[in-house]
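Asker:
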Amino acid sequence: MNIRPLGDRVVIKRLEAEEMTKSGIVLPGASKEKPQEAEVVAVGPGGFVDGKEVKMELKVGDKVLFSKYSGSEIKFEGTEYIILRQDDILAVIE
Amino acid sequence: MNIRPLGDRVVIKRLEAEEMTKSGIVLPGASKEKPQEAEVVAVGPGGFVDGKEVKMELKVGDKVLFSKYSGSEIKFEGTEYIILRQDDILAVIE
Amino acid sequence: MNIRPLGDRVVIKRLEAEEMTKSGIVLPGASKEKPQEAEVVAVGPGGFVDGKEVKMELKVGDKVLFSKYSGSEIKFEGTEYIILRQDDILAVIE
Amino acid sequence: MNIRPLGDRVVIKRLEAEEMTKSGIVLPGASKEKPQEAEVVAVGPGGFVDGKEVKMELKVGDKVLFSKYSGSEIKFEGTEYIILRQDDILAVIE
Amino acid sequence: MNIRPLGDRVVIKRLEAEEMTKSGIVLPGASKEKPQEAEVVAVGPGGFVDGKEVKMELKVGDKVLFSKYSGSEIKFEGTEYIILRQDDILAVIE
Amino acid sequence: MNIRPLGDRVVIKRLEAEEMTKSGIVLPGASKEKPQEAEVVAVGPGGFVDGKEVKMELKVGDKVLFSKYSGSEIKFEGTEYIILRQDDILAVIE
Amino acid sequence: MNIRPLGDRVVIKRLEAEEMTKSGIVLPGASKEKPQEAEVVAVGPGGFVDGKEVKMELKVGDKVLFSKYSGSEIKFEGTEYIILRQDDILAVIE
Numbered sequence: 206m207n208i209r210p211l212g213d214r215v216v217i218k219r220l221e222a223e224e225m226t227k228s229g230i231v232l233p234g235a236s237k238e239k240p241q242e243a244e245v246v247a248v249g250p251g252g253f254v255d256g257k258e259v260k261m262e263l264k265v266g267d268k269v270l271f272s273k274y275s276g277s278e279i280k281f282e283g284t285e286y287i288i289l290r291q292d293d294i295l296a297v298i299e
Numbered sequence: 206m207n208i209r210p211l212g213d214r215v216v217i218k219r220l221e222a223e224e225m226t227k228s229g230i231v232l233p234g235a236s237k238e239k240p241q242e243a244e245v246v247a248v249g250p251g252g253f254v255d256g257k258e259v260k261m262e263l264k265v266g267d268k269v270l271f272s273k274y275s276g277s278e279i280k281f282e283g284t285e286y287i288i289l290r291q292d293d294i295l296a297v298i299e
Numbered sequence: 206m207n208i209r210p211l212g213d214r215v216v217i218k219r220l221e222a223e224e225m226t227k228s229g230i231v232l233p234g235a236s237k238e239k240p241q242e243a244e245v246v247a248v249g250p251g252g253f254v255d256g257k258e259v260k261m262e263l264k265v266g267d268k269v270l271f272s273k274y275s276g277s278e279i280k281f282e283g284t285e286y287i288i289l290r291q292d293d294i295l296a297v298i299e
Numbered sequence: 206m207n208i209r210p211l212g213d214r215v216v217i218k219r220l221e222a223e224e225m226t227k228s229g230i231v232l233p234g235a236s237k238e239k240p241q242e243a244e245v246v247a248v249g250p251g252g253f254v255d256g257k258e259v260k261m262e263l264k265v266g267d268k269v270l271f272s273k274y275s276g277s278e279i280k281f282e283g284t285e286y287i288i289l290r291q292d293d294i295l296a297v298i299e
Numbered sequence: 206m207n208i209r210p211l212g213d214r215v216v217i218k219r220l221e222a223e224e225m226t227k228s229g230i231v232l233p234g235a236s237k238e239k240p241q242e243a244e245v246v247a248v249g250p251g252g253f254v255d256g257k258e259v260k261m262e263l264k265v266g267d268k269v270l271f272s273k274y275s276g277s278e279i280k281f282e283g284t285e286y287i288i289l290r291q292d293d294i295l296a297v298i299e
Numbered sequence: 206m207n208i209r210p211l212g213d214r215v216v217i218k219r220l221e222a223e224e225m226t227k228s229g230i231v232l233p234g235a236s237k238e239k240p241q242e243a244e245v246v247a248v249g250p251g252g253f254v255d256g257k258e259v260k261m262e263l264k265v266g267d268k269v270l271f272s273k274y275s276g277s278e279i280k281f282e283g284t285e286y287i288i289l290r291q292d293d294i295l296a297v298i299e
Numbered sequence: 206m207n208i209r210p211l212g213d214r215v216v217i218k219r220l221e222a223e224e225m226t227k228s229g230i231v232l233p234g235a236s237k238e239k240p241q242e243a244e245v246v247a248v249g250p251g252g253f254v255d256g257k258e259v260k261m262e263l264k265v266g267d268k269v270l271f272s273k274y275s276g277s278e279i280k281f282e283g284t285e286y287i288i289l290r291q292d293d294i295l296a297v298i299e
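Just so you know, the sequences run in chain order S, F, U, W, Y, C and E.
Be aware that the first sequence starts at 206, since it is given in the working numbering, and climbs by one per residue.
Be aware that the second sequence starts at 206, since it is given in the working numbering, and climbs by one per residue.
Be aware that the third sequence starts at 206, since it is given in the working numbering, and climbs by one per residue.
Be aware that the fourth sequence starts at 206, since it is given in the working numbering, and climbs by one per residue.
Be aware that the fifth sequence starts at 206, since it is given in the working numbering, and climbs by one per residue.
Be aware that the sixth sequence starts at 206, since it is given in the working numbering, and climbs by one per residue.
Be aware that the seventh sequence starts at 206, since it is given in the working numbering, and climbs by one per residue.
1. Please identify the residue among Arg209(E), Arg219(E), Leu211(E), Asp292(E) whose C-alpha is closest to the C-alpha of glutamate 285(E).
2. Quick check: what's the CA-CA separation for valine 216(W) versus valine 265(W)?
3. With a cut-off of 8 Å on the beta carbons, I'd call isoleucine 294(S) and leucine 211(E) a contact; round off their distance for me.
4. What does the Cβ neighbour count give for glycine 276(U), buried or exposed, with the cut at 16 atoms within 10 Å?
5. Using CA coordinates, which residue listed in Gly251(W), Ile298(W), Arg214(W) is at the minimum distance from valine 269(W)?
6. To which residues of the same chain is aspartate 292(S) closer than 6 Å at the C-beta, ignoring the five residues directly before and after it?
7. Note down, in chain order, every chain Y residue with its Cβ under 8 Å from the Cβ of glutamate 262(C).
8. Take glutamate 221(S) as the anchor and find which of Glu244(S), Ile208(S), Tyr274(S) has the nearest alpha-carbon.
9. Below 8 Å between beta carbons: does that hold for aspartate 213(W) and valine 246(W)?
10. State the CB to CB distance for the pair phenylalanine 271(Y) and isoleucine 208(Y), rounded to an integer number of angstroms; the pair is presumed to be in contact (CB under 8 Å).
11. Serine 272(U) versus chain F: which residues are under 7 Å apart at the beta carbon?
12. Contact criterion: CB-CB distance below 8 Å. Does valine 297(U) meet it with respect to chain F?
13. Per DSSP, glycine 249(C) forms a beta bridge with which residues?
14. Go through its chain and collect everything with a Cβ distance to glycine 249(Y)'s Cβ below 8 Å, but skip five positions before and after it.
15. With distances taken Cα to Cα, identify the nearest neighbour of lysine 273(S) among Gly283(E), Ile279(E), Gln241(E).
16. Please report the distance separating the alpha-carbon of proline 233(C) from that of glycine 252(C).
17. Isoleucine 208(E) touches chain C at which residues, Cβ-Cβ below 9 Å?
18. Using the C-alpha atoms, what's the distance from glutamine 241(F) back to alanine 235(F)?
19. Tell me the residue span of the beta strand (DSSP E) that contains tyrosine 286(E).
20. Checking the sheet assignment: what are the DSSP bridge partners for valine 265(E)?
21. DSSP beta-bridge partners for leucine 270(Y)?
22. Are the C-beta atoms of valine 246(Y) and some chain C residue less than 8 Å apart?
23. Does isoleucine 294(F) have its Cβ less than 8 Å from a Cβ in chain S?
24. Report the partner residues of serine 277(W) according to the DSSP bridge assignment.
25. Short of 6 Å in beta carbon distance, which residues of its chain neighbour alanine 296(U), apart from the five on each side in sequence? Order them along the chain.
26. Taking Cβ positions only, does valine 265(U) come closer than 8 Å to chain W?
27. Reducing DSSP to helix, strand and coil, say where glutamate 258(C) ends up.
28. Under a Cβ-count criterion, where at least 16 other Cβ atoms within 10 Å of its own Cβ denotes burial, should threonine 226(E) be classed as buried or exposed?
29. So with CB distances below 8 Å, who are the chain E contacts of valine 216(C)?
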């Protein structure tokens, strides 16, 4: 069973604190909006979404930074995921 | 008698708790916005809606996750349904 | 004398409670937004409305569900009507 | 001397209560937004207004229903008029 | 020295009370938004303003009604002017 | 070293009070929004800004009126400047 | 490991106070919105972002002024960065 996001949405899995430390990303305490690190597990088809052309730049496996206050959380077969729009992804960590 | 949604709207039927358990989706308590699981029972024609092209990606029978606070509830021949825009559907469960 | 709605507007006549019962639609008490059942009595020409192309999907005689808080109420030759935009019509009952 | 409205605006003259009675329109007290009956006395040229194409559907002499809270009131040579956008006209009474 | 407005802006000079009386326009006290009478003294070039095509319909010398709460006031060589967008001009008095 | 504004932004230098007096512009105390007089010192390239075509109408040396509450102030090599969008410039003084 | 921003986003590194002094930019205390000086360290691909064409005008190494209240702060391998949209960059210092 899979989660297939619609339109310009992606499904991501938040990386745990120990994974965060290994990746070298530390979020400072005083920032206005703290981005979160996550891994992309599913990518929507993009195309015309709400009348605007959206091309998907992300692929499954990408490590990404996303805006903390965006998206919807779900728990699926024991793991928590977040469904959000590609535009809420700030950057890819390579 | 049928409900035929207009434009980019779909009619969905919320899945009951026991169905939720079988599908493996569990919604965690602390999430900001809890998506809901439902089955699509009718799909609008799409086309030009409010001057923007909307292509319908959903079909009758799809299991979907939708945003809890969207749409209008109705009771029809003893069953509750929700009418909402396709854009309020987050993902399809396959 | 007739009411001819402009642009993408339609004129509808709310169905009475007894008619509601016959149609099988019951509106549950706890819903966030209760749609209302009505019959379409006049349909605007559509076309370019506010610079966007709107095609009218409704016709006179359609039974429709509409969003309760939309439109303007008028009383015309003893009967109450509501004038609202087609986009405020959720679905057609067939 | 004349009032020539710009763009998609029209100038209308509110119909008096006795005229309202003759026309058969009665506005119920409990409505959320009470439309008003008026006669069109001047129509703007339409065309491209704010970058969007607006075609004027109204003509001088039309009896119209308009949204009460829209437009600007002026008094001109002893008569009160309202200047408002065509989109604030709900319907034509024929 | 001149004031040359940019884009879709116009410069207008408010007409004094005595001029208002001569023109026959009286603004009633209870109106929601009182338009003001003024004379156009400078007109911007129009063209593409904020990505939308705006054609200037006004010319220097036009007597206009404008929305009271729009625009910026300046005093220039002893005379007060208002700089506002053409869309804030309601109508031309001819 | 220079400040090169991006997109449709311009850099302006506010004119001092004595310069204001010489230019004949006096700002009345009771106005809702007082425009300010300034000189343009740098002009962005314009072009497609946020998907909309913006053509720059201003050039270095223009005396302009701008809206007081717009833009960002900086101090550069001892002089204060304001960076703002061309659309916040009301008019050119010639 | 690198941070690759998506769409029209850029990654910048704030310049320290001593660097600010050397560059000659001083931010006055009473300004409404204080722009900040920073160096660009990564630039997104631009292209169609949210259905609008965005061309990237910035390149790695540019010294820029940016709006203080925009973007997301991250700490990466011991250095703080800010991820923000190109449109939040006010100007380039050359």
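Here a beta-carbon is modelled for each residue, glycine too, at the ideal position from N, C-alpha and C.
Answerer: Once the coordinates are examined:
1. Counted from its first residue, the seventh sequence places residue 285(E) at position 80. Comparing Cα-Cα distances from glutamate 285(E) to each of Arg209(E), Arg219(E), Leu211(E), Asp292(E), the minimum goes to Arg219(E).
2. Taking the first residue of the fourth sequence as 1, we reach residue 216(W) at position 11. Taking the first residue of the fourth sequence as 1, we reach residue 265(W) at position 60. Cα to Cα, valine 216(W) sits roughly 9 Å from valine 265(W).
3. In the first sequence, the residue the question calls residue 294(S) occupies position 89. In the seventh sequence, the residue the question calls residue 211(E) occupies position 6. That pair is a contact at about 6 Å.
4. Here residue 276(U) corresponds to residue number 71 of the third sequence, with the count starting at 1. When all chains shown are included, glycine 276(U) counts as buried.
5. Within the fourth sequence, the letter at position 64 stands for residue 269(W). The candidate whose alpha carbon is nearest that of valine 269(W) is Ile298(W).
6. Translated into positions along the first sequence, residue 292(S) becomes position 87. Here the set comprises nothing.
7. Taking the first residue of the sixth sequence as position 1, residue 262(C) is located at position 57. Chain-ordered, the chain Y residues with CB closer than 8 Å to the CB of glutamate 262(C) read Leu211, Gly212, Pro250.
8. Position 16 of the first sequence, counted from the start, is the residue given in the question as residue 221(S). Nearest C-alpha to glutamate 221(S): Glu244(S).
9. Sequence index remark: in the fourth sequence, residue 213(W) carries index 8 (1-based). Sequence index remark: in the fourth sequence, residue 246(W) carries index 41 (1-based). No, they are not a contact pair.
10. On the fifth sequence, position 66 is the one that residue 271(Y) refers to. On the fifth sequence, position 3 is the one that residue 208(Y) refers to. 17 Å between Cβ atoms; not a contact.
11. Counting from 1 along the third sequence, the entry for residue 272(U) is found at position 67. Within chain F, Ser277 have C-beta atoms less than 7 Å from the C-beta of serine 272(U), given in sequence order.
12. Your numbering for residue 297(U) matches position 92 in the third sequence. By the rule that beta-carbons nearer than 8 Å mark a contact, valine 297(U) touches chain F.
13. Residue mapping note: residue 249(C) aligns to position 44 of the sixth sequence, counting from 1. As computed with DSSP, glycine 249(C) is found in no beta bridge at all.
14. Position 44 of the fifth sequence, counted from the first residue, corresponds to residue 249(Y). Arg209, Pro210, Leu211, Gly212, Asp213, Arg214, Val215, Met261, Gln291, listed in sequence order.
15. For the purposes of this step, residue 273(S) is taken as residue 68 along the first sequence, with counting starting at 1. Checking every option, the nearest Cα to that of lysine 273(S) belongs to Ile279(E).
16. By one-based count along the sixth sequence, residue 233(C) stands at place 28. By one-based count along the sixth sequence, residue 252(C) stands at place 47. Note that proline 233(C) scores a pLDDT of 47, beneath 50, so its modelled location is shaky; the value from the coordinates is reported in the next line. Taking the straight line joining both Cα atoms gives about 36 Å.
17. Reading the seventh sequence from its first residue, position 3 is the one you call residue 208(E). Counting only Cβ-Cβ distances below 9 Å, isoleucine 208(E) has no contacts in chain C at all, with the closest Cβ about 21 Å away.
18. Your numbering for residue 235(F) matches position 30 in the second sequence. Your numbering for residue 241(F) matches position 36 in the second sequence. With a pLDDT of only 41 at alanine 235(F), under the threshold of 50, the placement of this residue in the model should not be trusted; the figure read from the coordinates follows. Spanning the two alpha carbons is a distance of roughly 15 Å.
19. The sequence position of residue 286(E) within the seventh sequence is 81, counting from 1. 284-290 is the extent of the beta strand (DSSP E) around tyrosine 286(E).
20. As a position in the seventh sequence, residue 265(E) is number 60, starting the count at 1. Beta-bridge pairing links valine 265(E) to no other residue.
21. Position 65 of the fifth sequence holds residue 270(Y). Beta-bridge partners assigned by DSSP to leucine 270(Y): Glu242(Y), Ala296(Y).
22. Taking the first residue of the fifth sequence as 1, we reach residue 246(Y) at position 41. For valine 246(Y), the answer is no, since every Cβ of chain C falls outside 8 Å of its Cβ.
23. By one-based count along the second sequence, residue 294(F) stands at place 89. Judged by the 8 Å Cβ criterion, isoleucine 294(F) is in contact with chain S.
24. Position 72 of the fourth sequence, counted from the first residue, corresponds to residue 277(W). Paired residue(s): Ile288(W).
25. Stepping through the third sequence from its first residue, residue 296(U) is reached at position 91. For alanine 296(U), where only same-chain residues beyond five positions count, the Cβ hits under 6 Å are Leu270.
26. The residue labelled residue 265(U) in the question sits at position 60 within the third sequence. No, no contact with chain W.
27. Sequence index remark: in the sixth sequence, residue 258(C) carries index 53 (1-based). It is a strand residue.
28. For the purposes of this step, residue 226(E) is taken as residue 21 along the seventh sequence, with counting starting at 1. Caution applies to threonine 226(E), whose pLDDT of 41 falls short of 50 and renders its modelled position unreliable; the value that the coordinates give is listed next. Classification for threonine 226(E): exposed.
29. The count along the sixth sequence starts at 1 and reaches residue 216(C) at position 11. Within chain E, the residues whose beta carbon sits less than 8 Å from that of valine 216(C) are Ala296, listed in sequence order.
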